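Below is one structure, written out as structure tokens, with a few remarks after it.
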Amino acid sequence: MKNSSLSRLRITCVAAAMLAGCGGPQPPIGASGAIPQASAIATHTDRGKSWMLPQASSKDLLYVSNVSDYDDVEVYHASGKDPSPIAVISGDLDTPVSDCIDGDGTLYVVNEPGGLGWVTEFPAGKTKRSKIIKRGINTPAFCAIDGSGNLWVTNIGAQNVTEYEKGSTKPNEIITSGLFYPDGVTIDKSGNMYVANHYTEGTKSFAPGNVVVYAPGKKSPSRTITDGVATPVGITVDANDTLYVTNITDDNVQEYLSGQSHPYQTVTEGIASPCTVAVSDKGYLYVTDLYRSEVVEFEPGSITPSKREISKGLSEPCGMAYSPPLLP
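To get the numbering used here, take the position in the sequence shown, counting from 1, and add 4.
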């Protein structure tokens, strides 16, 4: 992984996890885990505060999380001609590594500042948060929404995935089996959940990662994907349940047809440090490039980037969500 705020934070947490620091109930040494006040949160100096243009309430939007410098979520028209952001959300955010959005337009932003972290919830079309989720959160990484509108969050520190029923701040389900360093998470239309283990536990050190798949309602993996998986971060599925997996150190995105454990296509061109992926309802693939601070677009079925580039307002982007989501 290239040198970045995210990589430095993750390396610290990995080392602490080996010493049972991140996995325990206390935050790492030197981190309070406290939520900063809005006035203390870094925002883009060119804009200062959160803002939103009227067109940000439309469809076909990308919500992109800036891990460093700006500490915000930038909103773009996914297929618009102007690559400038149409909204900036920055309240109660600190090192926002990822985000997800439900069918009602509620935005969830995962904050991983070095302590226990939290998830900030924003109502549809709003830049002011409605609530903060802290219970069950321990160095969170990514989030996903299932077909019922429930929120799922991967926790690196606790080595688990926690589920929150819509509107709740208390975990309803906790999954631990098959997880070591849970990072990206996604859920397909059949209810299968996919979780990317950024690393797995080796004999003497960390081993390459994998993707574990959970059948609906199950807490143990039904299968494990290792072929083509190195150091996965963000993952997603499209309308056909094709699985997309980013390998941030191998600089590629692997694509797996529904139900398959071997990639049928690999995307490498135009990406240097892929953090996560999103797919539009029309099949456009979007990849956040952490190192180059941009979002790279691929037309449906293509492994060559389009000429369109989204980089305005971005600084080490990682998480990304497409709206309207495929689920629920």
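All C-beta atoms, glycine included, are put in the ideal place defined by N, C-alpha and C.
These figures come from a predicted structure and were not determined experimentally.
Practice item. Sort Thr-158, Thr-173 and Ser-172 by Cα distance to Val-189 and report the nearest one. Key: Thr-158
Exercise for review: Look at the alpha carbon of Ser-54 and the alpha carbon of Ala-82, and state the distance between them as a whole number of angstroms.
Suggested key: 20 Å
Point to revise | Rounded Cβ spacing between Asn-214 and Ile-191 (contact assumed at less than 8 Å) | key: About 18 Å; that fails the 8 Å criterion.
Exercise for review: Could you tell me whether the stretch 136-155 touches the stretch 104-123, where touching means 3 or more Cβ pairs closer than 8 Å?
Suggested key: yes
**Study point:** Three or more C-beta pairs below 8 Å linking the stretch 74-93 and the stretch 166-173
**Key:** No: the two stretches stay apart, fewer than three of their Cβ pairs being nearer than 8 Å.
Review point. For Gln-59, which three-state DSSP category applies?
Key: Residue state, collapsed to three classes: helix.
Review point. Smallest Cα separation from Ser-284: which of Phe-210, Val-217, Gly-84 and Pro-225?
Key: Minimum Cα distance to Ser-284 is reached at Gly-84.
Check your understanding: Since Phe-210 sits in a beta bridge, which residues does DSSP pair it with?
Key -> Glu-205
Check your understanding: What's the gap between the Cα of Tyr-218 and the Cα of Ser-61?
Key -> Across the structure, Tyr-218 and Ser-61 are spaced so that their CA atoms are roughly 34 Å apart.
Review point. Taking the Cβ atom as the reference point for each residue, do Pro-278 and Val-291 lie within a distance shorter than 7 Å?
Key: yes
Point to revise | Same chain, Cβ closer than 6 Å to Ala-80, neighbours up to 5 away in sequence not counted | key: Residue identity differs from the one stated: residue 80 is Tyr in this sequence, not Ala. Cβ neighbours of Tyr-80 beyond the five flanking positions: Leu-66, Pro-89 and Ile-314.
Check your understanding: Ile-141: buried (16+ other C-beta within 10 angstroms of its C-beta) or exposed?
Key -> buried
Check your understanding: Which same chain residues, not among the five before or five after Ser-310, have their C-beta less than 7 Å away from its C-beta?
Key -> Glu-301, Phe-302 and Glu-303
Practice item. Please say whether Gly-182 and Pro-144 have beta carbons closer to each other than 7 Å? Key: no
Review point. Can the beta-carbon of Val-281 be found less than 7 Å from the beta-carbon of Thr-246?
Key: In this structure, Thr-246 does not lie closer than 7 Å to Val-281 by Cβ.
Practice item. Report yes if the C-beta distance between Tyr-185 and Ile-160 is below 7 Å; otherwise report no. Key: In this structure, Tyr-185 sits near Ile-160, with a CB-CB distance shorter than 7 Å.
Review point. Can you tell me the Cα-Cα spacing of Asp-103 and Asn-256, whole angstroms?
Key: 21 Å
Point to revise | Close Cβ partners of Glu-177 (< 8 Å) along its chain, the five nearest in sequence each way excluded | key: Setting aside the 5 residues that flank it on each side, Glu-177 is surrounded in the same chain by Thr-166, Glu-167 and Lys-223, each with a C-beta closer than 8 Å to its C-beta; the list follows chain order.
Point to revise | Cut-off 6 Å between Cβ atoms - residues of its own chain near Gly-287, not counting five sequence neighbours on either side | key: Pro-304
Review point. Closest by CA to Gly-232, which one among Ala-200, Pro-220, Gly-195 and Ala-243?
Key: Ala-200
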